[in-house]
Structures are given as C-alpha cells and as structure tokens.
Amino acid sequence: MERVLVIGATSGIGRALAGRLAASGCRVGIVGRRAEPLTERDSDPSENPFFQAAADVTDPAAAVAVLERLVQRMGGMDLCLVAAGAGELNPELDYALELPAIRTNVVGWTAVVDWAYGYFERQGRGHLAVITSVGGLRGSCAAPAYNASKAYQINYTEGLRQRALRSHRPIVVTDLRPGLTDTAMAKGEGLFWVMPVGRVADGMLRAIRRRRAVATVTRRWRLGAWVLGVWGGGGGFCGCCRDGCMSGSDGLMNAWFIAAGVMLAGAFGVHVVAGTRFYAKARPERELPGRAPEDAVVAERRAAWMLGRCGFQLISVDLALSAGCFLALGLGLSPRNAVLELFLTLTYAGWGIAWRAVLAADRSPAACRHRLRHWVVFLAVALTAACGMAL
151 MERVLVIGAT SGIGRALAGR LAASGCRVGI VGRRAEPLTE RDSDPSENPF FQAAADVTDP
211 AAAVAVLERL VQRMGGMDLC LVAAGAGELN PELDYALELP AIRTNVVGWT AVVDWAYGYF
271 ERQGRGHLAV ITSVGGLRGS CAAPAYNASK AYQINYTEGL RQRALRSHRP IVVTDLRPGL
331 TDTAMAKGEG LFWVMPVGRV ADGMLRAIRR RRAVATVTRR WRLGAWVLGV WGGGGGFCGC
391 CRDGCMSGSD GLMNAWFIAA GVMLAGAFGV HVVAGTRFYA KARPERELPG RAPEDAVVAE
451 RRAAWMLGRC GFQLISVDLA LSAGCFLALG LGLSPRNAVL ELFLTLTYAG WGIAWRAVLA
511 ADRSPAACRH RLRHWVVFLA VALTAACGMA L
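For the sequence shown, this note's numbering gives the first residue as 151, with consecutive numbering after it.
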C-alpha cells in the first residue's frame, strides 16, 4: 500500500487529490492549516480513513515537527504532495496583502519541500510532487507576489530535480502546473478558461502515476503555457483578471486574438501544402503530354492554370498576413488598433458568408466537404475575433 502525505488538503485541489488517492487504496495523511475541514472528513463515514494533523506552514519549525510525527504514525512516506498555497489580488500594491503569499508560497513552502526531499534522500527513494501554477511563467499586474512566488517554486523544483538526477537515487520530482481552477484563489467573475477542481485533480493524478517531470493541467492550458513561456517579453499572465487577460508589452495580451491567429496559421499551413500538391499535378504539361507549348489548347490551359495559381498565392499571403496580425495583436507585440481589428473581423465574416452562399449553390459531395471546411474556419475566426474586440 502506497503511503501518501498531502500538505494543504483542507480545500481546493489538495482536498480533491487526497480523496482520490484514498479511494484508490493509498494510505493517506492529510495536513492543513485549519482543523475544522480536517474533522469534517471524520464525520463522513463514506470517506476512507485518513491520518491527519493541523499545521501552518508559515511557522516552518512547528510544521516540520508535525509532519515528522504524522509520517511516523503512517509508517513511512512514499509520495509527498505539496498543495499548500496562498494569494490575493493586490492592484494597489498593499504590502500587507503580499505577505501571506510570500510566507506561505516561499518561506513555508521551501521548508516543507526541503523536509520532504531530505526524507526521500535519506530513505533512498520517493516521489515529491508540488503544485505550482501556469501563472509562474509570467508576472501579474493584479497579483504580483502570487505569480512571483509560483515562479520561485517552478525554479526551485527544477533545482531539486537536478539534485535528484545527480544523486543517482530513484527520487522523482514532479512539477504540476494548473491553469485557472475553480478554487477560492480564482477570484473574480467571468474568468477565462476556468477548470473544475475535479477535472484538474484527475489530470494531476495521471501525471503523478506516470511520474512526469512537468505537467500542465489540463490539456487546453498546454498551448497557453507554451505561449507564455516562449512569448510575452516583459508581459505576463493576469490569472485573476476578467477573461484571463494577459499583460504584454503594451498592456494586454488577448487570448481570443491568439486563438484566431493560431486557427489562421493552421489554415495557412494546410492551404499551402494542399494547394502546392494540386497545382503541381494540374500543370498543363502533365495533363497534356506530347503537345507543343504553342498549341492553342495548351496555351488556354496554361493561362487558366496560371490564373488559378495566382489566386492560390494571393490567398496564401492573405492568410499569413492575417495570422500574423492577429498574433501580434493578441500577444501584445502590436498596439491595439480598433480599425485593423474591425477590418480583420469583417473580412473573415464576409469570407464566411461568401463560402456559405457558394456552399448552397454547389451540391456535389466533394465540393461541399471542401467548402464546408472553409466556411467553418472563416466563421470561427470571425466569431473569435469579435470576442477579442469586446475585451
């Protein structure tokens, strides 16, 4: 039976993970700052029994002593999951509001993580999993200390992973990076891409079972994490702002415009590959072999082929430029421009209407499938861009 210690199990993701681990047959110890949520589990007979203790990580010495005693009661520890965290919105930069995040996510977090890693090092094996955040990849104008503390955790966890590799001991260090999750720390209404706690916990549990080094949870946040990690310059992710706005070089990154740009970039790639193959096969010299170039039929076919290829190239340029504009606007690399945004949105709305009309006129199955794909892409881009303009 695997022995698991969950630090920060009184609410949110930690509580959900503790329940799932116990249900899977693990011997689970739970630790939280507040004693009341811990005793609630005892009153529910449907819950598996837990080894539990109350400890506040902002008092590192006392917390470590509690953890030592709890692990002794459990008979040892194979997996330690650190889910403790704190964070507040602080648009006014009130130092008093930053202190809980610093004391919990940096000072207390470091103490319990060092204790857990040291335990596994002495034991010669073990698995340490910590919950950081996608927000740690960039700064936040709304919660500077929270995102900065998560960046600290990501970097510190990487250091422990390097230490484990150099020790040649079977110690696994897993960095679990959730996006916005429906917990008490996700404050605000209309937040962008908020994930239910249960779904996030399931994704984390899979990553732990697979002994992943780094896992962004859930899948939809992997693209966002990649964008935040590669782009953004001096910008960042305001995880607590309405609609999940992301701060960039001129103030805001717009996730809707990024999505529109990604869709058009994908359409551009498919268009170029498919069109290049089509026009290579449709060359008049290949369709009419053996005929002289001066032949009237060949000349007529060649003129039509050149005209079609010219249209193909113009559409390719249009898709590439539009994708670039949307991505530049979305990533904050270009200042917001209402005229340009309206032009792009209306352009693809017009393309969508035009393709819908063509689709209604031509009923052949092959043409319908081809034009239906165009119509769906253009309509999706127009709707996504319209949502981006509303921010």
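Note that the Cβ used here is the ideal one computed from N, Cα and C, for glycine as well.
Asked	Found
Nearest-angstrom Cα distance between P485 and C537?	17 Å
Would you say the segment 267–280 touches the segment 310–323, given that touching needs at least three Cβ pairs under 8 Å?	yes
Start and end of the alpha helix (DSSP H) containing A168?	G162 to A173
Whole angstroms are fine: how far does the CA of V221 sit from the CA of V280?	18 Å
Go ahead and pull the three-state DSSP assignment for T324.	strand
Quick one: give me the first and last residue of the beta strand (DSSP E) that T366 is part of.	V364 to V367
Can you grab the Cα-Cα spacing for the pair A405 / M151, in whole Å?	44 Å
Within its chain, find whatever has a CB closer than 6 Å to the CB of L171; leave out the 5 residues flanking it on each side and keep chain order.	V154 and V178
For G289, which of helix, strand or coil comes out of DSSP?	strand
Determine the direct distance from the alpha carbon of D325 to that of M354, and round the result to whole angstroms.	10 Å
Compute the Euclidean distance between the alpha carbons of A507 and A473, then round it to the nearest angstrom.	24 Å
Quick one: grab the DSSP three-state call for R177.	strand
Would you tell me roughly how many angstroms separate the C-alpha atoms of W455 and T426, rounded to the nearest one?	12 Å
Could you give the C-beta distance for I252 and A295, rounded to a whole number, given that I count them as a contact under 8 Å?	6 Å
In terms of residues, what are the limits of the beta strand (DSSP E) holding L231?	L229 to V232
Using DSSP with H/G/I as helix, E/B as strand and the rest coil, what is R153?	strand
Whole-angstrom Cβ separation of F462 and Y429, contact assumed at under 8 Å?	6 Å
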